[in-house]
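To start, the structure under review is shown below, and the notes come after it.
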Amino acid sequence: MRLLQTAFAVLAIPVMAALVVTGGRAIKGHDSTIAVDRIDPDALADPGAETPPEEPATSAIPAPAAPQPAVHSRAIDPETVAPPELSDQELERVEPRAPLSDLALAGPPKPPKTKMPGDWNGTKLFQPVAAAAGLIESKGYAVAVSGVDVVKADETCGDEGKSWACGARARTAFRAFLRGRAVACTVPPEGDRDTISAECHIGNQDIGQWLVENGWARAAQGGPYVEAENKARAARKGIFGPAPKLDGLPALPAASGPAPEAPDSILPAEGGDVTPPTDQPAPAQ
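Just so you know, we're using this note's numbering here: the sequence shown kicks off at 539 and counts up by one.
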């Protein structure tokens with residue numbers, strides 16, 4: 539039995555060797571590239587030396603260089619560049635240099651002038667009413683023309699011992715001058731219940747100037763129309779003149795005799811007969 543096992547083992551050795559050779563040829567036919575390791579000659583010379591570790595493939599790329607500080611063209615020495623210190627006694631004040639242009643001589647900008655609402659110099663007051671000579675009412679405004687003393691409507695003036703209603707006459711003349719034309723006065727856009735003193739114009743004509751120079755108002759003390767009042771007084775115009783003559787007015791109709799008295803009653807007295815009018819028939823019995 540032992541002999542058979544020995545013989546079988548001897549025969550199996552050549553068979554296994556043949557199988558190994560056949561398998562190696564098959565693998566060689568499929569793999570056409572054979573990698574050959576490079577042998578380091580130093581390692582062959584000294585087999586006992588340690589092999590250094592292999593470097594990675596990216597080690598061939600150089601690392602970026604660190605930024606270098608900027609190099610100045612020349613070194614600066616503060617002691618050489620800075621001016622030397624001077625004492626107060628060596629300083630001398632000089633006049634400033636002339637400006638480069640006229641713009642440097644210009645002062646600060648002035649604030650814009652506030653423009654009154656409405657037309658060129660004030661608010662338009664339509665259909666004005668002359669409450670007195672120098673007093674205008676319109677659109678909720680009561681405007682006293684500035685620079686004049688308003689002549690009240692109930693004022694009276696004297697002339698040669700006679701008094702006459704110069705206030706009513708001045709108001710009538712002022713109303714005839716206005717004639718319902720629009721008046722421009724320097725008043726705010728909203729009306730006020732109080733009387734406002736303001737300059738007023740009709741077109742380019744100053745209303746205060748017209749009132750004083752025609753004698754229908756007195757100039758305020760220190761106002762712009764004092765000279766115009768002096769001329770009106772010298773010429774005896776308006777309230778400074780004589781009373782108006784009423785000779786040309788028609789006389790009042792003369793009173794006739796006394797009117798007949800009306801009867802107390804149109805009915806006849808008791809017991810009297812009623813006489814029907816002749817133009818009407820008598821009533822039927």
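Glycine is no exception: its CB is placed at the ideal position from the N, C-alpha and C atoms.
Note that the structure is predicted; figures quoted are calculated from it, not measured.
Residues bridged to residue i [DSSP beta-bridge criterion]
{"i": "Q743", "result": "I740"}
{"i": "S676", "result": "Y679"}
{"i": "K662", "result": "A722"}
{"i": "V667", "result": "E675"}
Rounded C-alpha distance that separates residue i from residue j
{"i": "A555", "j": "F546", "result": "15 Å"}
{"i": "A758", "j": "R635", "result": "54 Å"}
{"i": "L557", "j": "I551", "result": "10 Å"}
{"i": "G685", "j": "R631", "result": "56 Å"}
{"i": "P782", "j": "R707", "result": "9 Å"}
{"i": "T710", "j": "A682", "result": "17 Å"}
{"i": "V721", "j": "D697", "result": "34 Å"}
{"i": "F778", "j": "D744", "result": "21 Å"}
{"i": "L663", "j": "F712", "result": "16 Å"}
{"i": "A827", "j": "N752", "result": "Any property of residue 827 remains undetermined from this structure, which presents the chain solely from 539 to 823."}
{"i": "R771", "j": "S676", "result": "31 Å"}
{"i": "K775", "j": "G678", "result": "32 Å"}
{"i": "C723", "j": "T733", "result": "13 Å"}
{"i": "S625", "j": "S639", "result": "35 Å"}
{"i": "L633", "j": "G746", "result": "A small fix is needed here, since residue 633 is Glu in this sequence, not Leu. Approximately 55 Å, taken between the alpha carbons."}
{"i": "E737", "j": "G699", "result": "36 Å"}
{"i": "V764", "j": "A773", "result": "14 Å"}
{"i": "E623", "j": "L629", "result": "11 Å"}
{"i": "P762", "j": "P637", "result": "44 Å"}
{"i": "A766", "j": "S735", "result": "20 Å"}
{"i": "P825", "j": "I599", "result": "Shown here, the chain extends from 539 to 823; a query on residue 825 therefore has no answer."}
{"i": "R540", "j": "V559", "result": "30 Å"}
{"i": "V553", "j": "A601", "result": "60 Å"}
{"i": "H739", "j": "L716", "result": "10 Å"}
{"i": "A604", "j": "Q627", "result": "54 Å"}
Cut-off 6 Å between Cβ atoms - residues of its own chain near residue i, not counting five sequence neighbours on either side
{"i": "S701", "result": "T694"}
{"i": "A755", "result": "A671, G672, V686, V689 and L749"}
{"i": "V667", "result": "E675"}
{"i": "G705", "result": "V689, K690, A691, D692 and E693"}
{"i": "N742", "result": "none"}
{"i": "A669", "result": "E675"}
Check: residue i C-beta below 7 Å from any heavy atom of the ligand FAD
{"i": "R717", "result": "Looking at this structure, you won't find the ligand FAD or any other ligand, since it has none at all."}
Residues near residue i by beta carbon distance below 7 Å, same chain, minus five either side
{"i": "Q665", "result": "S676 and G718"}
{"i": "A703", "result": "T694"}
Minimum Cβ-Cβ distance from residue i to chain C less than 8 Å
{"i": "R756", "result": "The displayed structure is made up of one protein chain only, and chain C is not part of it."}
Close-in-space but distant-in-sequence residues of the same chain around residue i (CB under 8 Å, 5 per side omitted)
{"i": "P780", "result": "D697, E698 and R774"}
(message) Give the list of continuous beta strand (DSSP E) stretches no shorter than 3 residues that lie fully inside the stretch 682 to 759.
(response) For the stretch 682 to 759, whole beta strand (DSSP E) runs of length 3 or above, ordered along the chain, are 695 to 697, 700 to 702, 721 to 723, 734 to 736 and 738 to 740.
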